[in-house]
Amino acid sequence: MTTSQLLRTFLTVMSPDVLEALPDPGEPNPVDVSYRRVTLKNGRTRRVRVVPKLRVRYPVRLDHATVRKAAWAAATIGASDGARLVTSGELAAVETEMSRCRLRLEQLTSALETLAFRPLQQPILKPWQATYVLGFTHEWGLDPQAVNSRFRTLAPIYHPDTGLLSSAERMSQLVEARNFLLRHLRR
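Take the sequence shown: its letter number 142 is residue 141 in this note's numbering, and every next letter is one higher.
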């Protein structure tokens, strides 16, 4: 079976409209472009650039991107990292699972927001304020390891760049509270 026959067969099963959703694999790589020597009628030779061509006879005129998409899908179908045919039932199951996961994420984010400390309006001046920010019930019995451990647990949650509840204000108060408690415990 030639490549064009394979593509015609594939396009019989999958219409070009379905292929529009796929990403375009792109033009041939520069490595695929080659040069060869051609003898002209006058006897001289000339170096000619040869670009790989693929011609597909199809009832409707197809643009280059659609042919490339069809070739990619036909070549990779069934491969673990390639194209895969999905039934409407499988698609509905995946969409249901995604909506369930989104809902669960919203619930967890809401719960985390509820449990998170409310930022203080004034700077941290007393140990109870620092323990409140770090989530401890009181300052008695704390050691530097416990303070640092709690800070390492909460920092990824409140970090403004990567946190679940990214907040620069909370993160700065968290750092301030840790430093205050570590100074307080050294006394």
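Glycine residues also receive a C-beta, built at the ideal position from the N, C-alpha and C atoms.
Note that the structure is predicted; figures quoted are calculated from it, not measured.
| request: Can you check DSSP and say which residues form a bridge with T65? | output: Walking along the sequence shown from the start, residue 65 turns up at place 66. BP columns for T65 are empty, so no partner.
*Under 8 angstroms, do L173 and D142 count as touching if we go by C-beta distance?*
Counting from one through the sequence shown, the residue named residue 173 turns up at place 174. Counting from one through the sequence shown, the residue named residue 142 turns up at place 143. Not in contact: L173 and D142 (Cβ atoms no closer than 8 angstroms).
TODO: Have a look at Q144, S148 and R117 and flag the residue whose alpha-carbon is nearest the alpha-carbon of V167.
DONE: As a first step, residue 167 is located in the sequence shown; it is residue number 168 there, counting from the start. Looking at the sequence itself, residue 167 is Ala, so the reference to Val does not match. Ranking the options by Cα distance to A167, first place goes to R117.
Please return the same chain residues whose Cβ sits closer than 7 angstroms to the Cβ of L181, not counting the five positions on each side in sequence.
Position 182 of the sequence shown, counting from 1, holds the residue named residue 181. These residues qualify, in order along the chain: P143 and V146.
First and last residue of the beta strand (DSSP E) that includes S3?
-> Translated into positions along the sequence shown, residue 3 becomes position 4. For S3, no beta strand (DSSP E) run applies; the uninterrupted alpha helix (DSSP H) run containing it begins and ends at T2 to V12, by DSSP.
Under the three-state reduction of DSSP, which class applies to R149: helix, strand or coil? Locating residue 149 in the sequence shown gives position 150, where the first residue counts as 1. DSSP, read as helix, strand or coil, puts R149 in helix.
Would you say the stretch 86-99 touches the stretch 41-54, given that touching needs at least three Cβ pairs under 8 angstroms? They do not touch, by the three-pair rule.
Q.
For Y34, report the span of its beta strand (DSSP E) as first-last.
A. In the sequence shown, residue 34 corresponds to position 35, counting from 1. From DSSP, the beta strand (DSSP E) with Y34 extends over S33 to T38.
- prompt: Exposed or buried, which one is R169 when buried takes at least 16 other CB atoms within 10 Å?
  reply: Position 170 of the sequence shown holds residue 169. In summary, R169 is buried, with 16 or more beta-carbon neighbours lying within 10 Å of its beta-carbon over all protein chains present.
- prompt: Which value, in whole angstroms, describes the spacing of the CA atoms of W127 and E138?
  reply: Mapped onto the sequence shown, residue 127 falls at position 128. Mapped onto the sequence shown, residue 138 falls at position 139. For W127 and E138, the distance between alpha carbons rounds to 7 angstroms.
- Would you call the stretch 67-81 and the stretch 92-106 in contact, with 3 or more CB pairs under 8 angstroms? Flag = no, the stretch 67-81 and the stretch 92-106 do not touch.
* Per DSSP, what kind of secondary structure is V49 in: helix, strand or coil? -> By 1-based counting over the sequence shown, the position of residue 49 is 50. In the structure shown, V49 adopts extended strand secondary structure according to DSSP, grouped into three states.
Open item on the list: Below 8 angstroms on the Cβ atoms is my contact criterion, and I expect L53 with P15 to pass it. Report the Cβ-Cβ distance as a whole number of Å.
Closed with: Stepping through the sequence shown from its first residue, residue 53 is reached at position 54. Stepping through the sequence shown from its first residue, residue 15 is reached at position 16. Going by Cβ atoms, the distance from L53 to P15 rounds to 15 angstroms, so no, they are not a contact pair.
Under DSSP, the alpha helix (DSSP H) around A129 begins and ends at which residues?
Residue 129 sits at position 130 when you count from the first residue of the sequence shown. DSSP places A129 inside the alpha helix (DSSP H), whose first and last residues are P126 to L133.
Identify every residue that forms a DSSP beta bridge with T44.
-> Here the question's residue 44 lines up with position 45 in the sequence shown. T44 pairs with T38.
| For V66, which option in G25, L153, V132 and V37 has the closest C-alpha, if you only look at C-alpha atoms? | Translated into positions along the sequence shown, residue 66 becomes position 67. Selected option, being the one with the closest Cα: G25.
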